[in-house]
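According to the numbering used here, the sequence shown is numbered sequentially starting from 805.
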Amino acid sequence: MAETADLAEQALSAKEQGLIEVIKLLQHPEDLTRLADITAEYESRHRSAKATLSAMVQSQVEATRLGMDLLERAHRHITKLQAALDRIDKLCAECSDLVHHHDKIKLLALTHGNVKKVLSEIEDIVDLPYRADHCWELLQADDANLVPAFEALVLLTGTAENAKQAWQRNNKSAAEVSELAAYLARVDEVMVRFEHLLLDEHLRLPHLITLAQDRPTLLVDCVRVMELQELLDSEYRRVKMGSVPQRRYKDRFFTGLLKDAEGRFKPLLKIAKACNKPNMIISYDTNGDRIVSEQRDYLGALVKLTRLVDGEEEVIDDPEELQHIDIIQEEVFDEATYLDELLNGLYDMTDELAAVYDYAAPCFPPSYDIFNRCFQTYHVQFAVVVDVMGHGAAAGMSTAGALRVMDWVQKYMETLRNLGVDEELVRLPPSPLADPDSLPGMVVLMESYVKRMEDTVTRWYSNILDADLSSEPKVRPDGTLCTLGATDFFRILNEQIAIITDLNEHGEIMLQTAKTALRIMVGFQEAQKDVLGGYGREGGRKGLSLEMAVALLNNNVHCHDQSLEFAEDVGRQLKKEYREQLDVESVCRGFLEVAKVATFRAVVIMFNDPGMSGQLKGLYGTGPGDTYLAGRVTSTLIATLRDYFADFKTWVTPSFVKRVAEAALEELVRRAVNMFVVAPPQASEPLSSRMEADVSDLTAYFEAYVSRGERLRKHLEVLADLRELLVADSPETFALAYSNLLAYNDKAFSPELVGRITGSCRADLSKKQISDITAQCRDLWKQHEAATKAAAKAGGGAAAADKGDGWWFGWGKKAA
């Protein structure tokens, strides 16, 4: 009612306000002219006011409706609140009754919580197989999920283990435990499959290397899994969780690596043991012609055949001819096929080891030392295979086959050096399967090769010497004599060194080949000495001519130069640590020694010439018909020497002509001494003058060749001492000359000879002088004899047995 009155008042007020507004607008007469405008403005304001009023009314209506809704909701909440208050009153009443049952209520609440927990765990246990299968499916879908799958499986296995232990603690029934195990076993099965994939597939040789080359990220994931398991194992040990099994992925991986490496070499070891056993079948006909190929029909009858006849292939397809051909098959051992199979396998293993270094090792942490582990295992297995092969093949393997094996060994060692392996580890170690007291197989093979080389070259130089001696010496452009043997000999030796050089080998094999070459040189020298007869006057090959002796002299001078070049070349090829093990200088000097023997033999041949030896027999002749005192013997000797030396100066290498001259002088003096000792001449003034003139004449001739005066005097003083035995007028002078001659040849100048000279040749000596001379010379003889025996005894005690150095082939053991 009040609201209606209020609205009427508002309407009246509005009407009055409108009249006031109209009066304001029409206060002046001229305002009537604007009536139309005022009316339009009024209508506009009226419409606006009407719209505003309508909006206000609508707003009021909405507000009223909202208020009604709020009132209704408030009413409902008040009703609920009243009901809640009523329930509180009832609960308070019940609570007052439950105060006396508090312990039972608490126990009931605990039981309820445990039941909920058990139900939750049972749900997890029941879900374990499905979650484990999901992990495996995740891994099968993409190997890149290896680490997430492992982490999930670790959680599942932990859950399964905890459930199993809890069940075993709280249940005494084995049946209940077995029912639970059925759910848990699936987790273990998936984990076993995961470990098989990880350790028996991804991390097994050679798949590990393939993985490193093609999918290195997957290999890194495998390593991460191993590292994670190592951390888990370490943590379990730290907290002393002994019930949790230690999976030890890292140890199992290393063990598998060793086993795999040994397994990789088993086929090669089997091949190595099959050396000299038949490895192929050859076919040939009854005529012994090799069958190259054959074709048969479905019944097995020959329809076409190809065979080798006199080195050419012959194809037979005539049915009648084929019917009369019988084919014989024989099992044989083919070395080339054997070595192809074995060495190809060894090369593959070498490449595999290099791939570990290049691809696999970078995927592992440095602490794994993966390359060294693989290297040590492979290295030992290489040694086992090579040892077995070496012992089996040493006796029958050809030189070409041995060189192929050496080539592989050197390439393998060079590969190891390129991979950064220490030099002391590059050599093959002793085989763990071999007899420790036996030589390594590779050493046996190499010794066989070196021995075969030595025997072959020895036969060659023996044939070379025979060929040289059966033909006349050749004349070089400078006039010197030679044979072709020396050049051929060193050509053969250089070929043997070149073979090892082609292997790019600069260590033990080159050293032993060089040592063998030096032994061959020594053998060649000894063979030539046998031909020349050494320093024996009656030795040497029968019929050896002066020209051949000179040719051998020149050959050995040339060989000395060649041997120095050979030694220099070998020294360049050898590594520094091996060079000092070669006794090159003494072997090279050996050729000069042979040249000296050849010089001696040439001089002996010269003096054995009837014309020369006939003149020598006339020395110291004092008879009526002798021409010695007249000087004709000496002059003839010198003239003959001059003729010979005219040839020597052309034939002999210029650097050795002086040596020939000195050797001739030495031999002349020796033969003169022999003539004197055999028949001491009667002392006389003419003889003394002639002997003195001999020294002067020989000095005048030989000083043109023997430039060193002391060496010339050394030989001619012997002749002067012979003269002193015939002219010395005092015991002291005689004893001095005798002492010098005793040092020259103690066997020739015995006390008996002194007695013959003093008793028969020296009529000018008194008995007292003879007695003094004899006593002094006897004392000198005894002193010289005692000194000789002492020197011989000292020399024998100082002699030591020649012990070989042994030699290393780098396979772990030094040959005794």
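All C-beta atoms, glycine included, are put in the ideal place defined by N, C-alpha and C.
Reduced DSSP category for residue i - H, G, I as helix; E, B as strand; rest coil
i, result
"residue 1534", "coil"
"residue 1087", "strand"
"residue 1097", "strand"
"residue 1171", "helix"
"residue 813", "helix"
"residue 1201", "coil"
"residue 1011", "helix"
"residue 1553", "coil"
"residue 1511", "coil"
"residue 886", "helix"
"residue 1079", "coil"
"residue 1487", "coil"
"residue 1225", "coil"
"residue 1194", "helix"
"residue 1412", "coil"
"residue 1379", "coil"
"residue 851", "helix"
"residue 1433", "coil"
"residue 1043", "coil"
"residue 1559", "helix"
"residue 1401", "helix"
Buried versus exposed call for residue i [16 or more other C-beta atoms within 10 Å across all chains shown]
i, result
"residue 1394", "buried"
"residue 882", "exposed"
"residue 1146", "buried"
"residue 1533", "exposed"
"residue 1185", "buried"
"residue 804", "Residue 804 is absent from the model: the chain starts at 805 and stops at 1620."
"residue 1417", "exposed"
"residue 821", "exposed"
"residue 1517", "exposed"
"residue 861", "exposed"
"residue 832", "exposed"
"residue 1468", "buried"
"residue 976", "Any reading at residue 976 is ruled out, since the residue's pLDDT is 48, under 50, leaving its predicted position unreliable."
"residue 1170", "exposed"
Cβ neighbours of residue i in the same chain (closer than 8 Å, five flanking residues each side left out)
i, result
"residue 1331", "1265, 1266, 1269"
"residue 1491", "1424, 1426, 1433, 1485, 1530"
"residue 899", "none"
"residue 1050", "1037, 1040, 1041"
"residue 1302", "none"
"residue 1297", "1261, 1321, 1324, 1325, 1370"
"residue 1080", "1137, 1196, 1197, 1200"
According to DSSP, residues forming a beta bridge with residue i
i, result
"residue 1278", "1286"
"residue 1110", "1097, 1119"
Contact under 8 Å by Cβ, residue i with residue j
i, j, result
"residue 1336", "residue 1399", "no"
"residue 1525", "residue 1539", "no"
"residue 1214", "residue 1315", "no"
"residue 1371", "residue 1388", "yes"
"residue 1480", "residue 1465", "no"
"residue 1219", "residue 1158", "yes"
"residue 1056", "residue 1003", "yes"
Residues of its chain near residue i, where Cβ-Cβ distance is below 7 Å and the 5 sequence neighbours each way are ignored
i, result
"residue 1237", "1188"
"residue 1192", "1073, 1076, 1077, 1245"
"residue 1419", "1437, 1440, 1441, 1444"
"residue 997", "940"
"residue 1177", "1058, 1061"
"residue 1167", "1016, 1020, 1023, 1024, 1027"
"residue 1573", "1535"
"residue 1352", "1273, 1277"
6 Å Cβ shell around residue i - same chain, five flanking residues per side excluded
i, result
"residue 1253", "1206"
"residue 1635", "Nothing in the structure corresponds to residue 1635, since the chain is present only between 805 and 1620."
"residue 1411", "1471"
"residue 1463", "1403"
Cβ of residue i within 8 Å of any chain B Cβ
i, result
"residue 1488", "Among the chains of the structure shown, chain B does not appear; only one protein chain is present."
Residue i: CB within 7 Å of a non-hydrogen atom of the ligand MN
i, result
"residue 1206", "Here there are no bound small molecules, and the ligand MN is not part of this structure."
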